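Colleague:
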Amino acid sequence: MPILNLSAETDIYYELIEGDPAKPCLVFLHEGLGCCAMWKDFPAQLCQATGCRGLLYDRHGYGQSSPLAARRQLHYLHDYALCELPQVLAALLPGQDHFLVGHSDGGSIALIYAAQQPPRLRGIITEAAHVFVEGITLDGIRVADAAFGAGKLRALAKYHGDKTETIFKAWSDTWLSYGFQFWNIEYLLPSVECPALVVQGSEDQYGSAAQVDTIVAQALNAVPAIVEQCGHTPHQEQPQALLALMEGFLQGRMDAATHPRTV
């Protein structure tokens with residue numbers, strides 16, 4: 001099992017997908033209750049379509065990585081974006097160009113990271129990312145929290161094992177806390193200068209189109225993509241539509257780099 005040791009308390013499980021070493025690597029950032037395995041075969045399909053290599057990893061606390069050792073803080077997404085992600089990239093993709101593909105929490109992490117303007121980042125794709133907290137988000141989390149309490153989300157244990165309750169409550173308790181209602185990363189968006197594809201399902205139960213509108217209005221090079229008749233997880237609900245959208249975006253960015261426009 002491939003493991004990256006980040007510290008005495010933190011081992012990170014990761015997976016690599018083979019592809020053209022001359023192309024940027026696609027780095028997949030899972031959702032707030034996700035892990036590598038929960039992406040299913042979508043990363044492999046996108047890598048095959050683009051010819052790119054892929055990197056997936058379970059963030060600290062998730063899947064096959066080390067369990068959380070302390071109470072989650074309100075700035076946890078910044079911690080994952082500014083501490084853990086750079087360490088993972090430095091260890092596994094040193095000096096290599098990459099795109100980020102982030103779902104939900106992973107999309108917010110991608111935006112926070114991109115705002116630092118790292119030189120090897122070629123672009124990002126966000127899927128159901130949040131940049132502020134909405135009532136619809138909290139309502140959706142309350143429904144999920146009640147379902148978990150009633151034992152209706154047992155399938156998560158297949159992916160997180162004995163960490164399941166800890167990681168679920170870290171997610172739900174943080175988002176439903178009083179302090180987190182003020183969480184907002186809009187201030188970072190003007191610093192997101194790389195190309196960005198901003199995807200969301202039209203029927204997303206955790207966020208409204210205002211999330212997409214805000215990102216596109218404030219980031220410098222972002223384009224929206226609303227997937228009709230689709231909820232919070234477009235890559236599972238409408239995989240072919242997502243593959244086409246993402247492949248087109250990625251190929252366009254790679255082609256632009258290979259054949260730059262001349263004046």
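Residues in the sequence shown are numbered consecutively from 1, following the UniProt record's numbering.
All C-beta atoms in this analysis are idealised placements derived from N, C-alpha and C, irrespective of residue type, glycine included.
Given the structure is predicted, the values throughout are model-derived calculations rather than measurements.
1. Just curious, the beta strand (DSSP E) that Phe28 is in, first and last residue?
2. With C-beta atoms as the reference, is Gln238 less than 8 Å away from Val227?
3. Output the boundary residues of the beta strand (DSSP E) element that contains Val101.
4. Would you report the Cα separation of Gln117 and Ala217, rounded to the nearest angstrom?
5. Determine the DSSP secondary structure at Gly34, reduced to helix, strand or coil.
6. Excluding the five sequence neighbours on either side, which residues of its own chain have a C-beta within less than 6 Å of the C-beta of Tyr80, listed in chain order?
7. Quick one, which of Phe182, Pro190 and Gly63 has its alpha-carbon nearest Ala157's?
8. Just reading off the alpha helix (DSSP H) that Gln200 is part of, what are its end residues?
9. Can you have a look at Gln240 and say buried or exposed, based on whether 16 or more other CB atoms are within 10 angstroms of its CB?
10. Among all the DSSP beta bridges, which residues are the ones paired with Gly54?
11. Where does Ala222 sit, in a helix, a strand or coil, going by DSSP?
12. Between which two residues does the beta strand (DSSP E) containing Ile167 stretch?
13. How close, in whole Å, do the beta carbons of Thr50 and Gln211 come, if the pair is a contact with beta carbons under 8 Å?
14. Is it a yes or a no for the region 66 to 74 touching the region 31 to 40, going by three-plus beta-carbon pairs under 8 Å?
15. Just how far apart, CA to CA, sit Met1 and Leu56?
16. Rounded to the nearest angstrom, how far is the Cβ of Ala219 from that of Leu197, given a contact under 8 Å?
17. Rounded to whole angstroms, what's the CA-CA distance from Pro24 to Arg253? Just pull it up for me.
18. Would you report the Cα separation of Lys181 and Thr137, rounded to the nearest angstrom?
19. For Asp41, does the three-state DSSP call read helix, strand or coil?
20. What are the partner residues of Thr126, as DSSP defines its beta bridges?
21. Quick one: using the 10 Å Cβ neighbour count with 16 as the cut-off for buried, is Ile3 buried or exposed?
Modeller: Let's see:
1. Cys25 to Leu29
2. yes
3. His98 to His103
4. 18 Å
5. coil
6. Arg59 and Ile109
7. Gly63
8. That residue, Gln200, is in no alpha helix (DSSP H); its beta strand (DSSP E) goes Ala196 to Gly201.
9. exposed
10. Ile17 and Leu26
11. strand
12. It is not in any beta strand (DSSP E) - Ile167 instead sits in the alpha helix (DSSP H) that spans Thr164 to Trp175.
13. Going by Cβ atoms, the distance from Thr50 to Gln211 rounds to 26 Å, so no, they are not a contact pair.
14. no
15. 13 Å
16. Their Cβ separation, rounded to whole angstroms, is 11 Å, which puts Ala219 and Leu197 out of contact at 8 Å.
17. 10 Å
18. First, the amino acid is wrong: residue 181 is Gln here, not Lys. Rounded to the nearest angstrom, the two C-alpha atoms are 10 Å apart.
19. coil
20. Gly102 and Val198
21. exposed
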